[in-house]
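Q: This is the structure, below, for whatever I ask next.
In our numbering, the protein residues as written are 415 to 572.
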């Protein structure tokens with residue numbers, strides 16, 4: 415489990431966690447096809463050293479906007495992975511608690527070697543998310559019909 419304080423309100427962070435375009439931007443290690451609703455979906459694992467991404471069925475288990483988001487994949491009772499994000503805070507900042515849990519009969523033999531690697535991958539994903547959120551906050555807000563003024567019409571600053 416990791417816990418970090420992020421810049422921005424829970425809704426901003428919720429969007430980064432659940433909106434497919436935002437997820438693609440900070441490139442989590444697992445990309446869910448449809449993270450926006452409870453139920454069945456598929457996921458893609460991006461693992462270093464493997465040229466082809468690994469795809470598997472997944473399930474969004476909890477979708478409690480903007481407090482908790484959890485998904486899982488694997489073979490029930492044999493080997494499962496659950497990733498959970500919990501958010502608490504206000505517009506001044508949000509505490510993100512991120513956890514991954516292994517379950518099933520095969521998780522016990524693999525747990526010792528996988529848990530350390532899972533923790534480092536969680537920290538890496540949290541860092542990517544925090545970097546993305548800092549970048550996103552630093553971007554100027556765009557107006558709906560704002561047009562760029564050609565340079566020949568701009569006045570030079572004196």
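We put the CB at the ideal spot given by N, CA and C, even for glycine.
1. Work out the CA separation of residue 457 and residue 511 for me, nearest whole Å.
2. Straight-line CA distance for residue 505 to residue 523?
3. With a threshold of 8 Å on Cβ separation, who are the neighbours of residue 492 within its own chain once the five nearest residues in sequence on each side are excluded?
4. Are the CB atoms of residue 495 and residue 514 within a distance shorter than 8 Å?
5. Go ahead and pull the three-state DSSP assignment for residue 471.
6. Residue 509 to residue 429, Cα distance in whole Å?
7. Using only the alpha-carbon positions, how far apart do residue 537 and residue 488 sit?
8. Using the Cα positions of residue 533 and residue 498, report the straight-line distance between them to the nearest angstrom.
9. Just grab the DSSP bridge partners of residue 418 for me.
10. For the beta strand (DSSP E) containing residue 489, name the first residue and the last one.
11. To the nearest angstrom, how far is the alpha carbon of residue 422 from that of residue 535?
12. Taking buried to mean at least 16 other C-beta atoms within 10 Å of its own C-beta, is residue 465 buried or exposed?
A: Put simply:
1. C-alpha separation (whole angstroms): 21 Å.
2. One C-alpha to the other measures close to 43 Å.
3. 518, 519 and 520
4. Closer than 8 Å, so yes.
5. strand
6. Their backbone Cα atoms lie some 15 Å apart in a straight line.
7. 22 Å
8. 13 Å
9. 510
10. Segment 482-489, the beta strand (DSSP E) holding residue 489.
11. 23 Å
12. exposed
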